Structures are given as C-alpha cells and as structure tokens.
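Heads up: the sequence shown begins at 1 in my numbering, then just goes up one per residue. To keep things clear, I will list the structure first and then write my remarks on it.
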Amino acid sequence: MVKLAILDVDGTITDSSRRIQESSITTIRKAQDNGKIICLVSGNVIPVMYALQIYIGIRHEVFAENGGVMYYQNRIEKFFEKDKTEKFLDYISGISSARGIFTNVWRYSSMAFEMDADDIEKVRSESDRWNLDITDSGFSWHVLNKGQNKGYALKKLMELHHLEKEDVLVVGDSKNDLSMFVEGVNRATVKNGDPVLKEVSDYISPMNNGEAIPDIFRKFSLI
Ligand code: CA
C-alpha cells in the first residue's frame, strides 16, 4: 500500500505550459486527508517550493534543485554545494551558447541554464571532464554535483519516514525524473511522459501532464 507519493512539479502537477492544474491540488489535499504523505521534488528553487508547499497546503518535505536542497518547517537543509557548478557555468558560458537563468540567484546547490541544441554534446563532454552532471528538465538545463538527483531525494524521504520501496509512489514526466524511477518503487508517468520513463513505469496514465494526477492517485489507492 502506498504511504508516500513523491511528485515532480513541472509537467506533472502542471499543464504543458507550467500552469498548475487545479485538479492536482484538490487531489493532493484529498490524499493527505486520507493520511498519505505527499512530497514535491523539483529542479526549481527553494523560494518556489516554499510557496508551493504553503499555497497548495503540502504537509511534508519539499525538495528543490533536483534533490540538492530540502525545505521543511522553516528549515532549509542543503545536501550539496554550489561552488563547483557555479564555476562550471562561468566556464561554459565562455565557450558555448550556455547562459544562466535568473532563478540562479536563489540556488544553494546547483545552477540552471539554457543553451542552443548544437552545444549539448560539447557541454555534456565538459561536464564529464569536470565530474559534474547535466540534466534537461524539459524546461531548462541543470548542472548538478555527482549523486545529486531526484533519486537522492527519494532515498532521503524513505529514511526520514522509515518506509520501504513498496510504500512509495513516484510520479514524473521527463528524463530528470528517471533517477527516482528505481526498481521496487511504484512508478507512474503521464501519457505524454518521456519514453525512457514509460519504459520503466508500472503505470502510464491515459491523461496528459497534471490531468493525470487524479487518475494516478486513484490507481494507487491514495484517494
Ligand atoms: Ca517535469
């Protein structure tokens, strides 16, 4: 029985243009009223996750920066440093079309950027050389420390709540969710989810993006 659901934000509880889906808000609240633990894990920054937690009414932890930072009960816990990712972004900005995005001023453990598609391979090989990871959320690129990913957040949340894999549901729509789609965990994606997620999902909703949340929550008996 699922006790904890970990949800990606952009494209998972929102529509394709990032507007939050009203039905996903009411579904999350209903599941919480049923005693379920709902957590958000996003590539976005702490101030945004803090606001989502308050205004949706999420009662448990939220993770920002792809698992790098956690916010709960007026406390920010940082698991990775941003120094190296900042230096890397400076470097690639000089040798490619990569440019940082404005939310970087609020980042604690990583950097986000945009770049032209032609530069992806070049920047990826530089990230290997620097022993860093780059990942595409579908909305922006992120440079992350090794081991910093949504799978890290999954592990942290299982420890914090003393849960086993079978107690957990993960829901996502894009490649940067793959690290939390581990064997043994209940895995669900949306109709327009990335093929790599569909391949490892236990359930693919017939609905797109945030419209799928009520369907997925019913499927796993959270509501
Ligand atoms: Ca997403």
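Quick reminder that beta carbons are idealized off the backbone N, C-alpha and C, glycines included. All figures in this text were calculated on a predicted structure; none of them were measured in a lab.
Range of the contiguous beta strand (DSSP E) that encloses residue 153: No beta strand (DSSP E) holds residue 153; the alpha helix (DSSP H) holding it covers 150-160.
DSSP beta-bridge partners of residue 98: Answer is none; residue 98 lacks a bridge partner.
Local Cβ density within 10 Å of residue 61, reported as buried at 16 or more and exposed below that: Buried, since its Cβ has 16 or more Cβ neighbours within 10 Å.
Entirely enclosed alpha helix (DSSP H) segments - the region 3-37, minimum 4 residues: Listed in chain order, the alpha helix (DSSP H) elements of length 4 or more contained wholly in the region 3-37 are 22-33.
Three or more C-beta pairs below 8 Å linking the region 118-131 and the region 61-71: The region 118-131 vs the region 61-71: no contact.
Nonlocal neighbours in the same chain, by C-beta distance under 6 Å from residue 139, ignoring five residues either side: Take residue 139, set aside five residues on each side of it, and the residues of its chain with a beta-carbon closer than 6 Å to its own are 10, in chain order.
Any non-hydrogen atom of ligand 1 closer than 7 Å to residue 138 Cβ: Because some heavy atom of ligand 1 lies under 7 Å away, the Cβ of residue 138 counts as near it: yes.
Through-space distance from residue 179 to residue 142, alpha-carbon basis: Those two C-alpha atoms are separated by around 14 Å.
Residue 224 burial status per 10 Å Cβ neighbour count (16 or more: buried): Examination of residue 224 is not possible in this model, given that the chain is present from 1 through 223 alone.
Beta-carbon proximity check, residue 212 vs residue 191, cutoff 8 Å: A Cβ-Cβ contact shorter than 8 Å links residue 212 with residue 191.
Test item: CB-CB of residue 84 and residue 132 under 8 Å: Taking 8 Å as the Cβ cut-off, residue 84 and residue 132 qualify as a contacting pair.
Contact between the region 13-21 and the region 194-210 (3+ Cβ pairs under 8 Å): Short answer: they touch.
Burial state of residue 214 (16 or more Cβ within 10 Å): Using a 10 angstroms sphere on the CB of residue 214, the tally of other CB atoms reaches 16 or more, which defines it as buried.
Backbone secondary structure at residue 172 - three-state DSSP: Residue 172 falls in the strand class under three-state DSSP.
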